[in-house]
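Per the working numbering, the sequence shown runs over residues 1 to 1200.
Ideal Cβ placement from N, Cα and C applies to all residues, glycine included.
If you're wondering where the values come from, they're calculated on a predicted model, not measured in any experiment.
Below: the structure, in structure tokens.
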Amino acid sequence: MKDENDDGDGDDDEDDGGDDDEDGGGDHILDDFCSGLKRRRRRSSSWEPRGWVGLGRVQRLRLAVAPGVLDVCPLSERRGREAGVYTRASIQAKREGKDLTKPRVVNEAPSRQLRDPDSPLRFSHIGEPLLQETLKDLEQLMKLRGLEALECLERHFGGILGLCQLLETDPEFGLPLNPGELRRRREQFGCNEVPKSRSRYFLELVWDALQDTTLIFLELAAVASLALAFYEPKVSEDIKHCYVSRGLDKEEEDKTVHWLEGAVLLMTVALVVLTTALNDWNKEKQFRNLEDQVVLSQKGKVMRNGQILEVPVKDIVVGDVVPVTYGDMLPADGVLLQAQNLKMNESSFTGELSVVKKSLDHDPILLSGTYVMEGWGKILVTAVGPNSQTGIMLTFLAASAQQGTLEEQRKISEWASQGKSIIKPKHSYSKEKPVLQKKLTKLAILIGKCGMLMATITVAILVTYFVINTFVIEGQKWTYGCTLVYTKYFIKFFIIGITILVVTVPEGLPLVLTLSLAYSVKKMMKDKNLVRHLDACETIANTTAICLDKTGTLTMNRMTVVQAYIGETHYQKLPKTNSIPGAILEYLLKGIAVNCSYTSNVILPKDGKKLVQQIGNKTECALLGFLLHLELDYETERNKIPQQSLYKVYTFNSDRKSMSTVLKLSSGGFLMFTKGPSEIVLTKCCKILNKMGEPVELTNTKKREIVQNVIEPMTSEGLQTICLAVREFSDLEKEPDWDKEEDIVTKLTCIALVGIEDPIRPEIPSAIRKCQQAGITIRMVTGDNLKTAQVVAFRCGILNPHNNYICLEGKEFNRLICDKHGKVEQKLLDRILPRLRVLARSSPTDKYTLIKGIIDSDTLGGRQIVAVTGDGTYDGPALKVADVGFALGITGTDIAREASDIILMDENFTSIMKAIMWGRNTYDNISKFLQFHLTVSVVATVVTFIGACVMQDSPLKAVQILWINLIMDAFASLALATEKPTQGLLLRKPDGRKQHLLSSSMVKYILGHAAYQLTVTFVLMFVGEELFDFESGRKALLHAPPSTHYTMVFNTFVMMQLFNEINARKIHGERNVFEGILSNNIFCIIVGGTFALQFLIVQFGGNVFNCTNLSPDLWLWCIFLGVGVLVWGQFITTIPSKYVEPLIRLMGGRVVEKVDTVCPTASITEDLLWIQNPNRIQNQKRLIKSYHSYFHRSMSQITQ
């Protein structure tokens, strides 16, 4: 006898065949998927409720998601089991042994009490080893859309309820609070995070450092030197006369270790390589730590055991029930369980900007990375992490980046064609590239070219001098026996040239940039600034204008109703319950309870706490708190009217500026409650409740009186005014067209007006005053009433009576800046921008227009760098167009966070001020390193060049120069990149985008200190033996032992650099260079450690470092000459910087840099190939880009 399920399947097969004939064959993916599922489902009796056979699609969906609607079906009792209709409630009732013949009220609210954690959830079979679904089944389902997805969902999963059964999820209470169950799901379906690429091994970093171009030349020279040192030719008459001047006697020559120079050179290169690799490894480790902190900060809401919990996004599993609402970004793929006017932004997948309406009977498939633009809903998670559609794309991209096979590139092109802009970078719309990075690159190229020129000239001079002196003046001939000797000299000259290039090329520039940025990002996170894009650390330093929201940023975001207008009576203090008519109380209770988001709640203080806890929208929390003041229990009212029973909801958005909720009455009519800004909602009212709670006509005269006597006095005190209204639709009327909102939200009856207070943060006035002193213009952009905004602006210090600033509303703003055709004119905008400080009742479009106008304006003193705060879904365009976008981390939507550069975790303006300080500090730290590095480069290059020209040798040997290079690159970058910010950073104006990287003060510093150090070094080189009574080291031969003369030159040079590093801590002419030095432990350790290593090198380095030990008095002289740098620095500070300007103009002046929208990365990379190994450069870029892409990807998940 054929099984009933087989019959059912057979019927479905026939229907499929008919459908395929009508559709011309149907979709191959759907057919293959469905046929595979059928074979599996024939072995499962629970995949589709048998009572659903023969029911239509809409009927099945309603049965799946409407609890209690069809608990009893008498027809099923008469026809027996085959015709029975099973719903969620009936199945549970049968399990609990309840009587199914007892009818239940259709609109009866389910109990909101928490269930016993030990009681089994519906459809839960935790004891089974595996769930009944596989990853492949769910992945194939999520690839379908629209009716195809519905058909497959209903036919082969048993609809939404069947899918819940298969995933063992209770659609109403979610998963149980059972760690073992959650672990089982992660093992079968994966975790909700895309696997990160592995960190580079230390040996890989060593290999990258080894391929540095200049180090390769040194390695080759060292190997050649070693090879020639071990090759001992036979002594003949030809070789004896090969030396160009006096040679060493036999005893000295026997003591000379010829291979030592090459070996030490290799050892020094190894030290440089290991240090470089260690620095790179530390940088990568810092970025990984930052990534981990971001992952931990991401939170999402799930329903488990009937409770809405906030858990890390990575802990969401397949089978979780996730509530979503306006502004949320979906953390995983899923199927819709409930929805109320749910509209999604799927542009990341489709490329289309229009919103897509999601519903149970049209398109229930939702994908991770998409945004909720309107409404709310609950989804059943079906795919997470790498198995979600977004995760699949990112996994393919990561695989291609690591392997680059043709097959994977083909897959990427396929996924990219489907995903389109899912992997599009944030700044692809032409936001300007980081200026500091471009300036550093140009400077590095310029310095590198100068170094290459100097190295080439030095080698040419050395070779020419040697050839002329040997073959012309002394008349020697090149014989076969002399080839080895002459080759050694040529290798020595080549090594000198390479060392000049090594000491000149600023390899520490990318190192100090990444270290400083990473250090700043880490510290900013402690200051409640979560940086999503590294370039924001640099850009925020030059901010010249900030456009702020009022609520939360300037205020405490703890809203409380303090005044009310109820029953035509203005209460300056909140009224008591017995003074308000019962009818009005009923309207207040129902209108506030159901017309506020059900996620907004007020928790009364416990355990001695003084403040209530507000969860959700703060304005709604203020209204709910008002109900509690009136001793009205909104929770009980919500239990009577659960969220799923709401008939229609017009959610708040920036265009609507109000929220309305429609309830269906048992009589057949409808009741609609509306709340919104008083001046907007009041204009739509035609009646008002009087003292008796009865509706009376609201004339225009009465409206004006309310505005003058109630609303304006409230706003003059800085209160936000909200109007509560109601409208009843009779059952005798035809049901209205709910899509025609303009005909629905009108003819309202005013219930009450309330004034809500949001206190200003006490620290805000002083913070704004500091920003104004720093040359930053503060503007407030808010949706509040103009008078309320003006009062808050005066209290914060944005406005003051002495300045002729203006405040505008959005409508007036648009009227002033638009031409007769309604198009925004920049010249009209430029007329009001210098004086505009407050923009009230503004829309997101107004905000975008203002920010774009400030950026494009030519009347504000150069290109403005604009920062803006935003929290709403429609603030995304403004956050993106701004140079730095700040999203509010608590009340901000996921869309706002995704569009931002920095997230304000505490939503406090003082955090913005701290971000500006850290940005300026980053800029200053890089400038400190630059002036230190360039001073050392100039002195070392000139000393080596003059020594080569005059003495045919460099007083600073290759090993010594490599040690100096290590001091001024690796050590100095670490010491100067970790300087902490001070309040003094806010006492100067922003530098601006066109400001040259080397200021006049820095040029004065470099030239002045270079003059002192060159004077000291040349005096020691040429007359040192006379001053200190030691043997001269000039005219020494190739393998001559180290001399006291050149050891003192080297030691004095290093001492001057150590004390110059202290001078370099100040770049704006400050005299006290020791200020704050003890607070920087890293700086103190590096300077002290370098001094200790220098002592060991000089005293015990011997032939390895071409040093001989110095006597105590010579050491004191070296330290004394080094300390002279500090004294000389005070003299340089006294010289006005204006005297340097003629010299700068004489040297070619400063080229005005053009601000590009796209950074020509390719050309820059080509210019740098000869300076630095391309792998090292790409490694630096990879670290920064991986940080960017990781934050873009990880923050694309829900963070709240």
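How would you write the range of the alpha helix (DSSP H) that A622 sits in, first residue to last? Mapped onto the sequence shown, residue 622 falls at position 622. Start and end: 618 to 629.
Among M692, M1002, F886, G1076, nearest to T539 - alpha-carbon criterion: Along the sequence shown, one-based indexing puts residue 539 at 539. It is F886.
Just to confirm, is the Cβ distance from G369 to L309 under 8 Å? Start at 1 with the first residue of the sequence shown, and residue 369 comes out as number 369. Start at 1 with the first residue of the sequence shown, and residue 309 comes out as number 309. Result no, Cβ atoms of G369 and L309 do not sit closer than 8 Å.
Please classify D883: does DSSP put it in a helix, a strand, or coil? The residue you call residue 883 lines up with position 883 of the sequence shown. Three-state result, D883: coil.
For I379 and V335, which I take to be in contact (beta-carbon distance under 8 Å), what is that distance rounded to the nearest angstrom? Taking the first residue of the sequence shown as position 1, residue 379 is located at position 379. Taking the first residue of the sequence shown as position 1, residue 335 is located at position 335. About 6 Å separates the two Cβ atoms, so the contact holds.
For N639, name the three-state secondary structure that DSSP assigns. The sequence position of residue 639 within the sequence shown is 639, counting from 1. Taken through DSSP and simplified to helix, strand or coil, N639 comes out as helix.
Integer-rounded CB distance, given that L833 should sit under 8 Å from T859: For this step, residue 859 is matched to residue 859 along the sequence shown. For this step, residue 833 is matched to residue 833 along the sequence shown. Confirmed, about 7 Å.
May I have the straight-line CA-CA distance separating F670 from I641, to the nearest angstrom? Sequence index remark: in the sequence shown, residue 670 carries index 670 (1-based). Sequence index remark: in the sequence shown, residue 641 carries index 641 (1-based). Their Cα atoms are separated by approximately 14 Å.
Is the segment 618 to 630 touching the segment 750 to 765 in the sense that three or more CB pairs, one from each, lie closer than 8 Å? Taking one beta carbon from each stretch, the segment 750 to 765 and the segment 618 to 630 have 3 or more pairs nearer than 8 Å; the two touch.
With distance defined between alpha-carbon atoms, name the residue in S667, K648, F1030, G582 nearest to D737. Indexing the sequence shown from 1 puts residue 737 at position 737. Scanning S667, K648, F1030, G582 for the CA closest to the CA of D737 turns up K648.
Nearest-angstrom Cα separation, counted from V502 out to W478: Position 478 of the sequence shown holds residue 478. Position 502 of the sequence shown holds residue 502. Each residue's Cα considered, the two are about 32 Å apart.
Just to confirm the assignment: which complete alpha helix (DSSP H) runs, minimum length 4, are found wholly within the segment 915 to 967? With a minimum length of 4 residues, the continuous alpha helix (DSSP H) runs that stay inside the segment 915 to 967 are 958 to 966.
What residue does the alpha helix (DSSP H) around G582 start on, and which one ends it? Translated into positions along the sequence shown, residue 582 becomes position 582. Judged by DSSP secondary structure, G582 falls within the alpha helix (DSSP H) whose first and last residues are 582 to 594.
Would you kindly report the start and end of the unbroken alpha helix (DSSP H) that includes G1131? Translated into the one-based positions of the sequence shown, residue 1131 becomes position 1131. It is worth fixing the name first, because residue 1131 is Phe in this sequence and not Gly. First-last of the alpha helix (DSSP H) with F1131: 1112 to 1134.
Using only the alpha-carbon positions, how far apart do I160 and G174 sit? In the sequence shown, the residue the question calls residue 160 occupies position 160. In the sequence shown, the residue the question calls residue 174 occupies position 174. A direct Cα-Cα distance of roughly 14 Å separates I160 from G174.
Among the residues of its own chain, which have a CB less than 6 Å from the CB of G810, if the five just before and after it don't count? Residue numbering aside, residue 810 sits at position 810 when the sequence shown is read from its first letter. Cβ neighbours of G810 beyond the five flanking positions: R841, S842, S843, D846.
Consult DSSP for Y598 and reduce its assignment to one of helix, strand or coil. Residue mapping note: residue 598 aligns to position 598 of the sequence shown, counting from 1. Y598 falls in the coil class under three-state DSSP.
Check the C-beta distance from N387 over to E139 and give it rounded, since I have them as a contact under 8 Å. The residue you call residue 387 lines up with position 387 of the sequence shown. The residue you call residue 139 lines up with position 139 of the sequence shown. Right, their Cβ atoms sit about 6 Å apart.
Just checking my contact of S716 with K787 at CB under 8 Å: how many whole Å lie between their CB atoms? Stepping through the sequence shown from its first residue, residue 716 is reached at position 716. Stepping through the sequence shown from its first residue, residue 787 is reached at position 787. So it is a contact: roughly 6 Å between Cβ atoms.
C-alpha distance - F189 paired with A774, whole-angstrom precision: On the sequence shown, position 189 is the one that residue 189 refers to. On the sequence shown, position 774 is the one that residue 774 refers to. For F189 and A774, the gap between their C-alpha atoms comes out near 53 Å.
Neighbourhood of T632 by C-beta, 6 Å cutoff - its chain only, sequence neighbours within 5 removed: Translated into positions along the sequence shown, residue 632 becomes position 632. Here the sequence assigns Leu to residue 632, which means Thr is not the residue at that position. A distance below 6 Å between beta-carbons, with the five flanking residues on each side excluded, links L632 to the following residues of its chain, in chain order: L589.
Cβ-Cβ distance between H1045 and S1001 below 8 Å: Counting from one through the sequence shown, the residue named residue 1045 turns up at place 1045. Counting from one through the sequence shown, the residue named residue 1001 turns up at place 1001. 8 Å or more divides the Cβ of H1045 from the Cβ of S1001.
Quick test of the definition: if touching needs 3 or more C-beta pairs under 8 Å, does the segment 539 to 551 touch the segment 780 to 799? The segment 539 to 551 vs the segment 780 to 799: in contact.
Of the choices L436, L163, C450, whose alpha-carbon is the least far from that of L534? Along the sequence shown, one-based indexing puts residue 534 at 534. Ranking the options by Cα distance to L534, first place goes to L436.
Does the Cβ-Cβ distance between K528 and N908 come in under 8 Å? In the sequence shown, counting from the first residue as 1, residue 528 sits at position 528. In the sequence shown, counting from the first residue as 1, residue 908 sits at position 908. For K528 and N908, yes; Cβs fall inside 8 Å.
Which of the three DSSP states is assigned to Y805 in this structure? Translated into the one-based positions of the sequence shown, residue 805 becomes position 805. Note: Y805 maps to coil in three-state DSSP.
Rounded to whole angstroms, what is the Cα-Cα separation between K770 and F626? Here residue 770 is taken as the residue at index 770 of the sequence shown, counted from 1. Here residue 626 is taken as the residue at index 626 of the sequence shown, counted from 1. Rounded to the nearest angstrom, the two C-alpha atoms are 37 Å apart.
Which same chain residues, not among the five before or five after C949, have their C-beta less than 6 Å away from its C-beta? Sequence index remark: in the sequence shown, residue 949 carries index 949 (1-based). Contacts found: I461.
Can A975 and T276 be called in contact, C-beta distance under 8 Å? Translated into positions along the sequence shown, residue 975 becomes position 975. Translated into positions along the sequence shown, residue 276 becomes position 276. Going by C-beta atoms, A975 is not nearer than 8 Å to T276.
Rounded to whole angstroms, what's the CA-CA distance from V612 to C191? Just pull it up for me. On the sequence shown, position 612 is the one that residue 612 refers to. On the sequence shown, position 191 is the one that residue 191 refers to. Distance between the alpha carbons of V612 and C191: 36 Å.
Y650 and V745 closer than 8 Å at C-beta: Position 650 of the sequence shown, counting from 1, holds the residue named residue 650. Position 745 of the sequence shown, counting from 1, holds the residue named residue 745. Contact flag set, yes.
For R1210, collect the residues of the same chain with a Cβ closer than 6 Å to its Cβ; drop the 5 residues on either side in sequence, then sort them by chain order. No information on residue 1210 is available, as it lies outside the stretch 1 to 1200 that the chain covers here.
Kindly provide the ranges of any alpha helix (DSSP H) runs that are 4 or more residues long and lie completely inside the segment 501 to 569, ordered along the chain. The segment 501 to 569 contains these whole alpha helix (DSSP H) runs: 508 to 526, 535 to 539.
Rounded to a whole number of angstroms, what is the C-alpha to C-alpha distance between L836 and L366? Numbered from its first residue, the sequence shown carries residue 836 at position 836. Numbered from its first residue, the sequence shown carries residue 366 at position 366. Rounded to whole angstroms, L836 to L366 spans 43 Å at the Cα level.
How far does the alpha helix (DSSP H) with P179 in it reach, from first residue to last? For the purposes of this step, residue 179 is identified with residue 179 of the sequence shown, where counting begins at 1. DSSP places P179 inside the alpha helix (DSSP H), whose first and last residues are 179 to 189.
Residues bridged to V463 [DSSP beta-bridge criterion]: For the purposes of this step, residue 463 is taken as the residue at position 463 of the sequence shown. DSSP lists no partner for V463.
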